Amino acid sequence: MASVASVGFLSLLGTSAFSSPQKPAVSSEKLSATQSLADLKAGNQRYSSGHPQHPHEGVKRLQDTALYGQHPKAVVLGCADSRVSPELLFDQGVGDIFDVRVAGNVANKDELASMEYAVGHLHTPLIVVLGHSKCGAVTAVASGEYLPGPNLNSLAVHITDAVNAVKKTKPELKGDPLVAASIEANVQESLEDIYQGSEALRSAIDKKEVLLVGAVYDLKTGHIHWLPAYTPKAK
């Protein structure tokens, strides 16, 4: 029963491992991590300058990805905020991005499992952790706002670590500057949680099969500020 369930799970998620035909349908499948990152950067430049191309849309694209499977060029761990849609702000289309979205762009077990699937079964070469300005989850934690219920408190644990790190290293920050610094620190926290929390992803990163990068999206300008590629903390 377990093997049958596994096959069903993988098929449901869209892997081509158990489907036919095997003909590749999308150009993004052969991009390297560096090429994928450059493509996302170029897409955001188009979007933020008001000249998006809206690639890989339409009926033909839907038919191709339905028939031949998905080959996303990047995994994006982003916030669930309705203003932060990766396909839009990176000017990408159907099948280009494997979205993992959760309030505060935290990397807990479910998020890690989704990323492991993308890397292990879809061979996606790039993982981007995308924070954004005025993040409600980070703002709530940084301001000490009461978060009702165990679910919100569980989500806030990783964000709290990031906020506390900023308060420790930059005690002079208050209000909006504290929130802004905490948003970037929270991205860094998620990068570290990905590396430390998943043996499969850590192995792929160490082997340079996957590039792990952080970024922060500005809600007002549409521009993305890219952080340096992730490097593991020295032990």
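So the sequence shown is residues 973 to 1207, counted in this note's numbering.
Each residue gets a CB set at the ideal place from its N, CA and C atoms; glycine is no exception.
Fair warning: this is a prediction, and the values are worked out from it, not measured in the lab.
May I ask you to report which of helix, strand or coil DSSP gives residue i?
i       : result
Arg1055 : coil
His1023 : coil
Ala1112 : helix
His1130 : helix
Tyr1189 : strand
Leu1093 : According to the sequence as given, residue 1093 is His; it is not Leu. Helix, per DSSP.
Gly1147 : helix
Leu1098 : strand
Val1047 : strand
Val1072 : strand
Excluding the five sequence neighbours on either side, which residues of its own chain have a C-beta within less than 6 angstroms of the C-beta of residue i, listed in chain order?
i       : result
Gly1121 : none
Pro993  : Because the pLDDT of Pro993 is 44, which lies under 50, any placement of that residue in the model is unreliable, and the number read from its coordinates should be weighed accordingly. Within the same chain, Pro993 has no close Cβ partners at all.
Return the CA-CA distance between residue i and residue j, expressed in angstroms with no decimal places.
i       : j       : result
Ala1014 : Val1129 : 34 angstroms
Asn1125 : Val1110 : 12 angstroms
Ile1155 : Thr1193 : 17 angstroms
Asn1136 : Ser1162 : 15 angstroms
Leu1145 : Ala1052 : 26 angstroms
Ala1085 : Ile1177 : 16 angstroms
Lys1180 : Ser1021 : 32 angstroms
Glu1029 : Leu1061 : 15 angstroms
His1197 : Tyr1118 : 30 angstroms
Lys1140 : Asp1133 : 11 angstroms
Could you give the C-beta distance for residue i and residue j, rounded to a whole number, given that I count them as a contact under 8 angstroms?
i       : j       : result
Arg1073 : Gly1050 : 5 angstroms
Leu1173 : Leu1098 : 12 angstroms between Cβ atoms; not a contact.
Val1159 : Leu1009 : Rounded, the Cβ-Cβ distance is 15 angstroms, inconsistent with contact.
Ser1105 : Leu1191 : 5 angstroms
Val1091 : Ala1046 : Contact flag wrong, Cβ pair sits at about 11 angstroms.
Tyr1202 : Tyr1167 : 7 angstroms
Leaving out five residues before and five after residue i in sequence, what residues of the same chain have Cβ atoms less than 8 angstroms from its Cβ?
i      : result
Ser999 : With a pLDDT of 47 at Ser999, under the threshold of 50, the predicted position of this residue should be treated as unreliable, though the coordinate-derived value follows. The answer is none, since no qualifying residue turns up.
Suppose the cutoff is 7 angstroms on Cβ atoms and the five residues either side in sequence are ignored; what does the same chain contact list for residue i look like?
i       : result
Ala1075 : Cys1051, Ala1052, Ala1109, Leu1127
Pro1044 : Ser1000, Gly1067, Asp1068, Ile1069, Phe1070, Ala1090, Leu1094, Thr1096
Glu1114 : The sequence as given places Ala at residue 1114; Glu does not occur at that position. Cβ within range, chain order: Val1135, Leu1150, Val1151, Ser1154.
Val1138 : Leu1145, Leu1150, Ala1153, Ser1154, Ala1157
Three or more C-beta pairs under 8 angstroms: does that hold for the region 1143 to 1161 against the region 1057 to 1065? no
Per the contact definition of three or more C-beta pairs closer than 8 angstroms, is the region 1015 to 1035 in contact with the region 1074 to 1084? no
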